[in-house]
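Everything below concerns the one structure shown next.
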Amino acid sequence: KPADDSEGDDETWHESLTYSEKVKIHLARALIMNPEVLVLQRPLHHYDDLNAGKVLEVLYTHVHERGLGLPEKGRRHRRPRSCFLSVERPE
Numbered sequence: 054k055p056a057d058d059s060e061g062d063d064e065t066w067h068e069s070l071t072y073s074e075k076v077k078i079h080l081a082r083a084l085i086m087n088p089e090v091l092v093l094q095r096p097l098h099h100y101d102d103l104n105a106g107k108v109l110e111v112l113y114t115h116v117h118e119r120g121l122g123l124p125e126k127g128r129r130h131r132r133p134r135s136c137f138l139s140v141e142r143p144e
């Protein structure tokens, strides 16, 4: 927020996010760091089936391509990636 906010609202931008938005941001932050090992506790817990499938697809791509958004040319020379996660989902 701009420093000259005249509304008097002291809420910061991250306090206005929903829990699932915060989960997405934290997952994105982790993947941007391009870790060789990623450990996730219930990463699909707050998503519907469609979004949970998208998250799993991104995690699979991260492991299979040895990182996200990196050139294909050097893939076989990059260190492998691993992802450990618990898959509990509310039913």
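Residue numbers (the working numbering): 54 to 144.
Built from N, CA and C at the ideal position, the CB exists for glycine as well.
>> Looking at the secondary structure, which residues open and close the beta strand (DSSP E) in which L91 lies?
In response: V90 to L93
> Are the beta-carbon atoms belonging to V140 and L80 less than 9 Å from one another?
Replying inline: no
> Which partner residues does L138 have in the DSSP bridge list?
Replying inline: L93
> Rounded to a whole number of angstroms, what is the C-alpha to C-alpha distance between P124 and P133?
Replying inline: 15 Å
> Between the Cα of R129 and the Cα atoms of F137, G120 and C136, which residue gives the shortest distance?
Replying inline: G120
> How should K54 be labelled, buried or exposed, when 16 other C-beta atoms within 10 angstroms of its C-beta is the threshold for buried?
Replying inline: Below a pLDDT of 50, predicted positions are generally treated as unreliable, and K54, at 48, falls in that range; no measurement from the model is reported.
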